[in-house]
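**Q** Residue numbers (the working numbering): 1259 to 1373.
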């Protein structure tokens, strides 16, 4: 049977691809337009935020990595968005491999020191 974590993440990747295809074909350059429901942020900002969330929680916390975050100002095209999510996919592959034996185990990570 396929690994549960890998299967779940596969479903996420398929859903993300549907979103990307829609954005590329219908939204196009409007993905840079500020939207009031997003607190005057744009779609690009939200997608970069999602990628950074994977980096923060999965890579830096659980896997104890030290990857810096992406800046939404540096991501100007759909190709760049796809590239950052390819990196997220690599992070998730490492995560799924590491935790495939026991997908319901409690995860412990590095706690940032108080500031």
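Ideal Cβ placement from N, Cα and C applies to all residues, glycine included.
1. Report, in whole angstroms, the separation of the C-beta atoms of residue 1327 and residue 1310, which I expect to be a contact under 8 Å.
2. From the DSSP secondary-structure annotation, give me the bridge partner or partners of residue 1269.
3. Only counting runs of 4 or more residues, tell me where the alpha helix (DSSP H) segments fall wholly within the stretch 1269-1334, in order along the chain.
4. If you drop the 5 nearest sequence neighbours on each side, which residues of the same chain put their C-beta closer than 8 Å to that of residue 1314?
5. Give the DSSP-derived three-state secondary structure of residue 1366 in the structure shown.
6. By the three-class DSSP mapping on this structure, what secondary structure does residue 1351 have?
7. DSSP on residue 1358, reduced to helix/strand/coil?
**A** Checking against the coordinates, here is how it stands:
1. 4 Å
2. According to DSSP, which records beta bridges pairwise, residue 1269 is partnered with nothing at all.
3. 1301-1312
4. 1327
5. coil
6. helix
7. coil
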